Amino acid sequence: MRTARFWDLAARPRASLSAMRRAIPPTPGTGGTNDTKQVRQQGACTMTPKPLLLAAALALAGGMAAAQERHVAISTIVEVPALNETRQGVMEALAERGYAEGAGLRISYQNANGNMPAQQQIAAKFMGDAPDVIVAITTPTAQAMVSQNSDIPIVFTAVTDPVKAKLIDGYDAPKGNVTGVSDAAPLQAQLDLFREILPGLAKLGFVYNPGLDNSLAALERMTALAQAMGIEIVPSAAPTTNEVSVATRKLVGKVDAIYVPNDSTVVSVAETVFKVGQDTGTPVFLGETSGVARGALGSVGMDYVAIGRISGHMVADILDGKPVAEIPPVIAYEVLTEFPVVVNLDAAAKMNVTLPQSVLDRAASVVPAGN
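Put into structure tokens, the structure is as follows:
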């Protein structure tokens, strides 16, 4: 099972730098240069003076420390709460495995600010920097890194469908130098929550960027699952952040609720969607929980810090010398065991929704009214 394979990534003890350093024997005598001359006169082996020996020892230690420094380059297409939490999880796992930033580990971080040409430039720069491992957060970031055709190990994370994105051929084994973690949302659990909150839910709007492979994959999966529940998915395309508001307003009056998937374009300006929902009394659900407090009605999702930690253990394994071929990709929801429900009472009031007590009772977090 894939889950069992992932737990092979558990932390293992690493040899300390001090254990790798060569012990330097004490210098006999205490008389410095005069003592050395005395040894020579006695026909003994010539000894290096203490100051030179100390300098050599310091140079050796410094050289070995420099040789042990590892370099991890991290990039994301945009900064939003879930992606920031993913990066946090990567750093936590690395530190637990003995790779703490500033203590033998150098981190390079670049944010493309939603600009794909900038992301391609970052990818080219990373290839020139030749880090030990590249961590690519989000689908477009991972695609930019993989397109460079380098042999540098790449660990993707927060990627919905790495197969459809052509990052890997399948989950049984990595593709070349690429492995990582899919954050495919637990869509069935989400649809179940939406129907529990809105029993009459028949049409669900889906705002997305059609240029993102992960959003196309999510739309395909959600459409199939919703159809089995008698729910029609109504897509509305927003190729750029400037088009998100218009795409959202097109759905008002045509759907019972609106869904924002884990789409970096839409999520980066999600407040635009939430405002339309609150102004028109249209419930808006989110594909991940960390952004519910920004104004969504609710969600059931995964802990993105935990997703980052899974990825971080993969990176640590590579730094430890494990071949990428022995680190299979995983789907986070097949590894994680908890999917927290988060709801927003303030958004519920503005969207004219009364949250069922059953939902409130099991919610991991409830954003209070008036927030």
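With the numbering used here as the guide, the letters of the sequence shown map in order to residues 66 to 436. Glycine included, every Cβ here is placed at the ideal spot set by N, Cα and C. Predicted model, so just to flag it, every value in this text is computed and none were measured.
Nonlocal neighbours in the same chain, by C-beta distance under 8 angstroms from residue i, ignoring five residues either side
i      : result
ALA120 : Any reading at ALA120 needs caution, since the residue's pLDDT is 47, under 50, leaving its predicted position unreliable; the model's value is listed next. Answer for ALA120: no residue qualifies.
PRO90  : Legend: pLDDT at PRO90 = 32, less than 50; position of this residue unreliable, no value from coordinates given.
SER212 : GLN185 and ALA188
LYS240 : LEU232, ILE233 and ASP234
THR305 : ASN274 and THR330
LEU263 : ASP321, ALA322, PRO348 and VAL418
GLY167 : none
VAL317 : VAL341, THR345 and THR347
VAL370 : GLU150, THR151, GLN153, GLY154 and GLU157
ALA451 : Residue 451 lies beyond the range of the chain shown here (66 to 436); nothing can be said about it.
Segment limits, beta strand (DSSP E) that includes residue i
i      : result
LEU269 : 268-273
LEU351 : 349-351
LEU170 : 169-176
ILE139 : 135-141
VAL424 : Premise fails: VAL424 lies in the alpha helix (DSSP H), 422-427, not in any beta strand (DSSP E).
ALA322 : 322-325
Proximal residues to residue i (C-beta, below 6 angstroms), its chain only, five neighbours per side dropped
i      : result
GLN107 : Bear in mind that the predicted position of GLN107 carries a pLDDT of just 39, short of 50, making it unreliable; the figure below should be weighed with that in mind. Result list for GLN107: empty, nothing under 6 angstroms.
PRO417 : In the sequence on display, residue 417 carries Asn and not Pro. These residues qualify, in order along the chain: GLY346.
PHE191 : ALA138 and ILE199
ARG79  : Below a pLDDT of 50, predicted positions are generally treated as unreliable, and ARG79, at 31, falls in that range; the measurement from the model is reported next regardless. Within the same chain, ARG79 has close Cβ partners GLY163.
TYR324 : LEU269, PHE271 and PHE350
ARG70  : Low local confidence applies: a pLDDT of 40 at ARG70 is under 50, so the model's placement there is unreliable, with the coordinate-based value given in what follows. Closer than 6 angstroms at Cβ, skipping near neighbours: PRO393.
THR288 : ILE298
Range covered by the alpha helix (DSSP H) that runs through residue i
i      : result
VAL331 : 329-332
TYR398 : 397-400
SER212 : Looking at the DSSP string, SER212 is not in any alpha helix (DSSP H), and its letter there is neither H nor E.
PHE259 : 252-262
LYS155 : In the sequence as displayed, the identity of residue 155 is Val instead of Lys. 146-161 is the extent of the alpha helix (DSSP H) around VAL155.
GLY42  : Residue 42 is absent from the model: the chain starts at 66 and stops at 436.
PRO182 : 181-194
ASN409 : Premise fails: ASN409 lies in the beta strand (DSSP E), 406-409, not in any alpha helix (DSSP H).
ALA282 : 278-293
VAL431 : From DSSP, VAL431 is part of no alpha helix (DSSP H) but of the beta strand (DSSP E) over 430-432.
THR313 : 309-314
Contact set for residue i: own chain, Cβ-Cβ below 7 angstroms, skip 5 residues either direction
i      : result
ALA109 : Reliability of the predicted coordinates at ALA109 is poor, the pLDDT of 40 falling under 50, and no value is obtained from them.
PRO300 : PHE271, TYR273 and LEU284
SER280 : TYR273, ASN274, PRO326 and ASP328
PRO196 : HIS136, VAL137, ALA138, SER173 and ILE217
LEU123 : Note that LEU123 has pLDDT 43, beneath the 50 cutoff, so the model's placement of it is unreliable and the number below is only indicative. Closer than 7 angstroms at the Cβ level, and outside the excluded window around LEU123, lies no residue.
SER333 : VAL143, VAL145, GLY179 and THR306
ILE372 : THR151, GLY154, THR222, ALA223, VAL246, ASP248 and ALA397
THR204 : VAL224, THR225, ALA230, LEU277, ASP278 and ASN279
ALA183 : ALA177
LEU266 : PHE259, ARG260, ILE296, ASP321 and ALA322
ALA282 : THR225, ASP226 and LYS229
GLN422 : none
ARG314 : VAL341
ALA148 : At residue 148 the sequence reads Leu, which differs from the Ala that was named. Excluding positions up to five away in sequence, the list reads THR141, ILE202, THR203 and ALA223.
Residue i at chain C interface by Cβ criterion, 7 angstroms
i      : result
THR244 : This model lacks chain C altogether, as it is built from one protein chain only.
Residues that residue i bridges to, as DSSP identifies them
i      : result
VAL370 : Its beta-bridge partners do not exist; DSSP assigns none.
PHE221 : ALA201 and GLY245
GLY356 : Per DSSP, none; premise fails for GLY356.
ALA165 : ALA168 and GLY169
PRO300 : PHE271
SER364 : VAL407
LYS240 : VAL243
Presumed contact (8 angstroms Cβ cut-off) between residue i and residue j, rounded CB distance
i      : j      : result
GLN343 : ALA412 : 7 angstroms
ASN176 : THR141 : 6 angstroms
VAL365 : GLN255 : 5 angstroms
ARG152 : ILE202 : 6 angstroms
VAL224 : ASP248 : 7 angstroms
PRO405 : ALA429 : 4 angstroms
MET367 : LEU401 : 6 angstroms
ALA207 : ALA390 : Not confirmed; about 18 angstroms, so no contact.
VAL424 : GLU261 : 6 angstroms
ALA209 : GLY352 : Contact flag wrong, Cβ pair sits at about 22 angstroms.
If we count Cβ pairs, one from each stretch, closer than 8 angstroms, do we get three or more for the region 376-395 versus the region 151-165? Yes, since at least three Cβ pairs between the region 376-395 and the region 151-165 fall closer than 8 angstroms, the two stretches touch.
Would you call the region 354-370 and the region 310-320 touching, i.e. three or more CB-CB distances under 8 angstroms? Fewer than three beta-carbon pairs drawn from the region 354-370 and the region 310-320 are found closer than 8 angstroms, and the two stretches are therefore not classed as touching.
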